[in-house]
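Since the structure comes first, as structure tokens, the remarks are kept for the end.
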Amino acid sequence: MSGRRTPVARRGALRTVAGAVLAGASAVSCAPDGTTQPPARTARNGEDVPGTPGTPGATTPGSPGPQSAGKAHGAVRPAAAPRRFPGQPVEIEHGPRNRPRVALTFHGQGDPALARAVLAAAERAGARLTVLAVGSWLDQNPGMARRILDGGHDLGNHTQSHLDINTMDETRAYEEITGCARRLRRLTGSVGTWFRPSRAQHATPLVQDLARRAGYPHVLSYDVDSLDFTSPGVAAVTRKVAGELRNGSVVSLHFGYRDTVAALPLLLTEIDRRQLRAVTTTELLT
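Using the numbering used here, you'd call the opening residue of the sequence shown number 12 and step up by one each time.
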């Protein structure tokens, strides 16, 4: 990734691309908790495969999964494993405040056409994202895992069903984490670089412990909430993020919302104006 991104003058092209995709994509109905409706169905290839849930010893970074849907997009990129960042807490809310970098993180669920529009807009601007994918979404759209990695983005775990994991008992919560981890490993060779709890900004101590048991040294939170899942409008999403963004910020955004697709070029322009760089969370902390 180069140190400088696409000049602001080219951002108009991003708006054009996003607008074209929006015009052709169907509207997504949004639930108040940020999920998309109707709930995801389990695809035929969504059955779990035998094997040990995602643990550090079970990951095989760099080896492609048996499915090769992403090869049509471009060269296969190795899938990174979770990393431990010394000096960072178990739950990470932001990166260093003394470096001009920010991380735009996306909850991976919703219309894949809108997801691809977000990825394309970011890549045209030289930005890299962090996508926390829902396992049931990967069941329906297995090619999206490799598409995300091939774009140079981080790919992580946002539970299997996107239910309120903090209210679950230990057994069910662990299965929500490892269920998504198994799908990621099958598709990419890794359980993903990050885990983020579903329907919650912060993980309970139990969920933090279960995430570590599943192979994730850290839980990824955020310090800027775009509230894009409430569909407040493009201006509101842009204003909310721009008003709270600073060095080291981790921003929470969502695939599957038309406002987000339209707001992203504006946010990238603002990030560029402030001489910040939009990087993956791994880069933010490295």
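Just so it is clear, CB atoms sit at the ideal spot from N, CA and C, and this is done for glycine as well.
- prompt: Short check: CB of THR141 to CB of THR291, under 8 angstroms?
  reply: Along the sequence shown, read from residue 1 onward, the residue named residue 141 stands at position 130. Along the sequence shown, read from residue 1 onward, the residue named residue 291 stands at position 280. The answer is yes: Cβ separation under 8 angstroms.
### Query
Skipping 5 residues on each side, what residues in its chain have a beta carbon closer than 8 angstroms to that of PRO228?
Taking the first residue of the sequence shown as 1, we reach residue 228 at position 217. PRO93, ARG94, ARG95, PHE96, VAL101.
Original post:
Can you check whether the CB of ASP234 is closer than 8 angstroms to the CB of VAL248?
Top reply: Taking the sequence shown and counting its residues from 1, one reaches residue 248 at position 237. Taking the sequence shown and counting its residues from 1, one reaches residue 234 at position 223. No.
Identify whether THR280 lies in helix, strand or coil by the three-state DSSP scheme. As a first step, residue 280 is located in the sequence shown; it is residue number 269 there, counting from the start. DSSP places THR280 in helix when its eight states are reduced to three.
Q) Any idea which residues DSSP pairs SER263 with across the strands? A) Counting from 1 along the sequence shown, the entry for residue 263 is found at position 252. In DSSP, SER263 forms a bridge with THR116, ASP236.
Note to self: Measuring alpha carbon to alpha carbon, tell me which residue in THR170, ARG127, ARG224 is nearest GLY154.
What the structure shows: Your numbering for residue 154 matches position 143 in the sequence shown. Checked all of THR170, ARG127, ARG224; the closest Cα to GLY154 is ARG127.
Please list the terminal residues of the continuous beta strand (DSSP E) segment that includes THR141. To locate residue 141, count along the sequence shown from 1; it is residue 130. THR141 -> beta strand (DSSP E) spans 140-144.
Tell me whether ALA289 sits in a helix, a strand or coil according to DSSP, three-state version.
Looking up residue 289 in the sequence shown gives position 278. Note: ALA289 maps to strand in three-state DSSP.
- Query: Taking one C-beta from the segment 257-266 and one from the segment 116-125 each time, how about it: are there three or more such pairs within less than 8 angstroms?
  - Reply: yes
- Touching or not, the segment 187-195 and the segment 149-168, by the rule of three or more beta carbon pairs under 8 angstroms? yes
Problem - Reduced DSSP category for LEU166 - H, G, I as helix; E, B as strand; rest coil - result: Numbered from its first residue, the sequence shown carries residue 166 at position 155. LEU166: strand per DSSP, three-state reduction.
How many Å lie between GLY259 and VAL129 at the Cα? Position 248 of the sequence shown, counted from the start, is the residue given in the question as residue 259. Position 118 of the sequence shown, counted from the start, is the residue given in the question as residue 129. Cα-Cα distance, rounded: 21 angstroms.
Between which residues of its own chain and ALA133 is the CB-CB distance below 8 angstroms, once the five residues before and five after are set aside? The residue given as residue 133 occupies position 122 in the sequence shown. These residues qualify, in order along the chain: LEU115, ARG139, LEU140, GLY162, HIS164, LEU275, LEU279, ALA289.
> Per DSSP, LEU231 is paired with what?
Replying inline: If you number the sequence shown from 1, residue 231 lands on position 220. LEU231 pairs with ILE103.
| said: Below 8 angstroms on the Cβ atoms is my contact criterion, and I expect GLY226 with VAL262 to pass it. Report the Cβ-Cβ distance as a whole number of Å. | reply: Position 215 of the sequence shown, counted from the first residue, corresponds to residue 226. Position 251 of the sequence shown, counted from the first residue, corresponds to residue 262. In fact, because the Cβ distance is near 25 angstroms, the residues do not count as touching under 8 angstroms.
message: Quick check: what's the CA-CA separation for PRO111 versus GLN151?
response: As a working mapping, residue 111 is identified with position 100 in the sequence shown. As a working mapping, residue 151 is identified with position 140 in the sequence shown. Approximately 37 angstroms between the Cα atoms of the pair.
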